[in-house]
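Presented below is the structure to which this report refers.
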Amino acid sequence: MMKYLLFPIIALSFLIFTACSSDKDSMIVEGILYSNKKPVSIEISDGKIIRIKQTQKSSIGQQLIIAPGLIDIQINGYNGIDFSDPDLTAEDLEKIVKGLWEVGVTTILATVTTNDHEHLMSSFKALSNALADPKISMSVPGFHLEGPYISPVQGFRGAHPEKYIRLPDLQEFKQYQEAADNMIRLITVAPEFEGAIPLIRYCADNDIVVSLGHHNGTAEQITAAVDAGASLSTHLGNGCANMIHRHNNPIWPQLAEDRLSASIITDGFHLNREEVRTFYKVKGDELTILVSDAVDLAGLPPGEYTRWGGTVVLTPDVVKFPAENVLAGAASPISKCIGNMMQFTGCSLESAINMASRNPARLIGLDHVGEIQVGKRADLILFTMQDKEMDIRQTILNGDVVYQAE
Ligand SMILES: [Zn+2]
């Protein structure tokens, strides 16, 4: 029987790192374990972690922390390429995935948003065809369908185009899942519409995680959705109208529901510090999940770009419409959101990393990733942490170094 060792977590920077390859398929990685701040040596063979040993401090003066590769279950694109592009190619997907390796993200659910039927069919076909390269596809174990079965009401629908929003349709969803080669692992729906509960029940019965988002569900509707199998709130606090009833709004019942995890965007723009602190106090270390919700412009150099029928400005953190100085989309990778989470809430590095690795892996059922344990796939990141900012120095996927900072 395999022995599972789980070291607890936290960060600091003293030590060491050596990644020495004794032969082609094995490797030893050393550094400071993110959880307990102790020096550790991780032995990898055939892409898996086979041994974890506490070590003495090495004489090599690097100060790198080791954590599991990051997991982002809501990301719309990167490096200028959108997952919803129906013409997406394998080369496009490679460009996205390689860009994400540079910021420590080793696993994503490629997120496709509300569009017309033909467009969604084409997007999922393109995405599943783009998974041709086995190395690239290791980082994309599934897709997230956000919409089109969400609220059409302004504010709640966010940036989703109203004309394509429709009532939940199980038969249509099954067509998307077929086009996606059964790779849809997560769907964001609004619980308050006719057809939502049968769709939620079907998904929950078929290992598709259901998240509630872009909705104005009542407490009763949210409870019914959770009873039917919904287990997550999508970017809680966003996808919500600016003006809501102080008692009866969709946020309180989702916070109060212990069976719902909550994904949050902690880029410093989508939620204010007090919201993040409050959501974290309620959902805690187990049920909080960080997502980037990054749009395709993320990863590109800051500047002006043409998107959504106008000019937008990409800063290092976010995309804005310059005229109104209004948010147009997220652009911070979750490695950045981890530092913000620590800053806003005072949580430990261990907790913040778990929210972007262990917690999403558990929720989605990605049993092979998300933790540093014997038997798990060797997806690791080595990084420094200064002023609560992660600087990724090396990314390892399936036991191979896929990114090395200069
Ligand atoms: Zn959204």
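For the sequence shown, our numbering assigns the number 206 to the initial residue and increments by one for each residue that follows.
Backbone N, C-alpha and C fix where the C-beta goes; we use that ideal spot for every residue, glycine too.
Would you kindly check if the distance between the Cβ of residue 345 and the Cβ of residue 385 is under 9 Å? For the purposes of this step, residue 385 is identified with residue 180 of the sequence shown, where counting begins at 1. For the purposes of this step, residue 345 is identified with residue 140 of the sequence shown, where counting begins at 1. Not in contact: residue 385 and residue 345 (Cβ atoms no closer than 9 Å).
Note down the Cα distance separating residue 390 from residue 549, rounded to an integer number of angstroms. Against the sequence shown, residue 390 aligns to sequence position 185. Against the sequence shown, residue 549 aligns to sequence position 344. Computed Cα separation, rounded: 30 Å.
Between residue 496 and residue 251, what straight-line distance do the alpha-carbon atoms span, to the nearest angstrom? Residue numbering aside, residue 496 sits at position 291 when the sequence shown is read from its first letter. Residue numbering aside, residue 251 sits at position 46 when the sequence shown is read from its first letter. Near 30 Å, if we compare the C-alpha coordinates of residue 251 and residue 496.
With 16 as the cutoff for other CB atoms within 10 Å, does residue 531 come out buried or exposed? Position 326 of the sequence shown, counted from the first residue, corresponds to residue 531. Its Cβ having fewer than 16 others within 10 Å, residue 531 is exposed.
Per DSSP, which residues does residue 283 bridge with? Please list them. Reading the sequence shown from its first residue, position 78 is the one you call residue 283. Answer is 286, bridged to residue 283.
Contact criterion: CB-CB distance below 9 Å. Does residue 253 meet it with respect to chain C? Reference to chain C is not applicable here, since this structure consists of a single protein chain.
If you count every other CB in all the chains shown that lies within 10 Å of the CB of residue 608, and 16 or more means buried, which is it? For this step, residue 608 is matched to residue 403 along the sequence shown. Per the 10 Å Cβ criterion, buried.
Tell me, to the nearest whole angstrom, how far the beta carbon of residue 499 is from that of residue 535; I am working on the premise that it is less than 8 Å. In the sequence shown, counting from the first residue as 1, residue 499 sits at position 294. In the sequence shown, counting from the first residue as 1, residue 535 sits at position 330. Indeed they touch by this definition, with Cβ atoms about 5 Å apart.
Can you round the beta-carbon distance between residue 416 and residue 392 to whole angstroms, since I take them to be within the 8 Å contact cut? Sequence index remark: in the sequence shown, residue 416 carries index 211 (1-based). Sequence index remark: in the sequence shown, residue 392 carries index 187 (1-based). The pair is a contact, with the Cβ atoms about 7 Å apart (cut-off 8 Å).
Would you list the residues sitting across from residue 253 in a DSSP beta bridge? For the purposes of this step, residue 253 is taken as the residue at position 48 of the sequence shown. DSSP lists 250, 582 as partners of residue 253.
Let me make sure I understand the geometry here. Which of 347, 259, 342 has the alpha-carbon closest to that of residue 571? In the sequence shown, counting from the first residue as 1, residue 571 sits at position 366. Of 347, 259, 342, the residue nearest in Cα terms is 347.
Which runs of the beta strand (DSSP E) spanning at least 3 residues fall entirely within the region 382-470, listed in chain order? 389-394, 414-417, 466-469
Straight-line CA distance for residue 227 to residue 327? Along the sequence shown, one-based indexing puts residue 227 at 22. Along the sequence shown, one-based indexing puts residue 327 at 122. Low confidence applies to residue 227: its pLDDT is 48, below 50, so where it sits in the model is not reliable enough to give any reading.
Only counting runs of 3 or more residues, tell me where the beta strand (DSSP E) segments fall wholly within the region 540-605, in order along the chain. 585-591, 594-602
Own chain residues within Cβ distance below 6 Å of residue 574, not counting five before or after: Against the sequence shown, residue 574 aligns to sequence position 369. Excluding positions up to five away in sequence, the list reads 312, 566, 582, 584.
Beta-carbon proximity of residue 240 to residue 259, cut-off 9 Å: What you label residue 240 is simply residue 35 of the sequence shown in a count that begins at 1. What you label residue 259 is simply residue 54 of the sequence shown in a count that begins at 1. No, the pair does not count as a contact, with Cβ atoms beyond the cut-off.
So what does DSSP say about residue 609, is it helix, strand or coil? If you number the sequence shown from 1, residue 609 lands on position 404. Correct three-state label for residue 609: strand.
Residue 264: buried (16+ other C-beta within 10 angstroms of its C-beta) or exposed? What you label residue 264 is simply residue 59 of the sequence shown in a count that begins at 1. Note that residue 264 scores a pLDDT of 49, beneath 50, so its modelled location is shaky; the value from the coordinates is reported in the next line. When all chains shown are included, residue 264 counts as exposed.
So residue 443 packs on residue 475, CB below 8 Å; how close in whole Å? Position 238 of the sequence shown, counted from the start, is the residue given in the question as residue 443. Position 270 of the sequence shown, counted from the start, is the residue given in the question as residue 475. Yes, they are in contact, since the Cβ atoms of residue 443 and residue 475 sit about 5 Å apart, within 8 Å.
Does the separation of the CB atoms of residue 364 and residue 396 fall below 9 Å? For the purposes of this step, residue 364 is taken as residue 159 along the sequence shown, with counting starting at 1. For the purposes of this step, residue 396 is taken as residue 191 along the sequence shown, with counting starting at 1. Cβ distance not < 9 Å, so residue 364 and residue 396 don't count as in contact.
Confirm, please, whether the CB-CB distance from residue 283 to residue 504 is below 9 Å. For this step, residue 504 is matched to residue 299 along the sequence shown. For this step, residue 283 is matched to residue 78 along the sequence shown. Yes.
Take residue 426 as the anchor and find which of 398, 436, 353 has the nearest alpha-carbon. For the purposes of this step, residue 426 is taken as the residue at position 221 of the sequence shown. Comparing Cα-Cα distances from residue 426 to each of 398, 436, 353, the minimum goes to 398.
Quick check on this structure: which residue in 306, 242, 255, 243 has the alpha carbon closest to the alpha carbon of residue 578? By one-based count along the sequence shown, residue 578 stands at place 373. Measuring from the Cα of residue 578, the nearest candidate turns out to be 255.
In the DSSP assignment, find the unbroken beta strand (DSSP E) run with residue 273 in it and report its ends. On the sequence shown, position 68 is the one that residue 273 refers to. Residues 270-273.
Shorter than 8 Å, the distance from the beta carbon of residue 498 to the closest heavy atom of ligand 1, or not? As a first step, residue 498 is located in the sequence shown; it is residue number 293 there, counting from the start. The answer is yes for residue 498.
Is any heavy atom of ligand 1 found at a distance shorter than 8 Å from the C-beta of residue 422? The residue you call residue 422 lines up with position 217 of the sequence shown. No; taking the cut-off as 8 Å, the Cβ of residue 422 has no heavy atom of ligand 1 nearer than that.
Take the Cβ of residue 359 as the centre, count every other Cβ of all protein chains shown within 10 Å, and call the residue buried at 16 or more, exposed below. For the purposes of this step, residue 359 is taken as the residue at position 154 of the sequence shown. Answer is exposed; the Cβ neighbour count stays below 16.
Kindly identify the DSSP beta-bridge partner or partners of residue 308. Numbered from 1 along the sequence shown, position 103 holds the residue referred to as residue 308. Partner(s): none; residue 308 has no beta bridge.
Per the DSSP calculation, residue 493 is bridged to which residue(s)? Within the sequence shown, the letter at position 288 stands for residue 493. In DSSP, residue 493 forms a bridge with 467.
Taking the CB atoms as reference points, tell me whether residue 248 and residue 233 lie closer together than 9 Å. Sequence index remark: in the sequence shown, residue 248 carries index 43 (1-based). Sequence index remark: in the sequence shown, residue 233 carries index 28 (1-based). Yes, Cβ-Cβ distance for residue 248 and residue 233 is below 9 Å.
Residue 318 CB to nearest heavy atom of ligand 1 below 8 Å: Against the sequence shown, residue 318 aligns to sequence position 113. Yes, the Cβ of residue 318 comes within 8 Å of a heavy atom of ligand 1.
Between residue 545 and residue 490, is the Cβ-Cβ spacing less than 9 Å? As a first step, residue 545 must be located in the sequence shown, where it is residue number 340. As a first step, residue 490 must be located in the sequence shown, where it is residue number 285. For residue 545 and residue 490, no; Cβs fall outside 9 Å.
Starting from residue 326, follow the alpha helix (DSSP H) in both directions and report where the run begins and ends. Position 121 of the sequence shown, counted from the start, is the residue given in the question as residue 326. From DSSP, the alpha helix (DSSP H) with residue 326 extends over 322-334.
Beta-carbon gap between residue 351 and residue 459 smaller than 9 Å: Locating residue 351 in the sequence shown gives position 146, counting from the first residue. Locating residue 459 in the sequence shown gives position 254, counting from the first residue. Contact: no.
What would DSSP say about residue 528, mapped onto helix, strand or coil? Against the sequence shown, residue 528 aligns to sequence position 323. Residue state, collapsed to three classes: coil.
Examine ligand 1 and report whether any of its heavy atoms sits within less than 8 Å of the Cβ of residue 439. Looking up residue 439 in the sequence shown gives position 234. Under cutoff, so the answer is yes.
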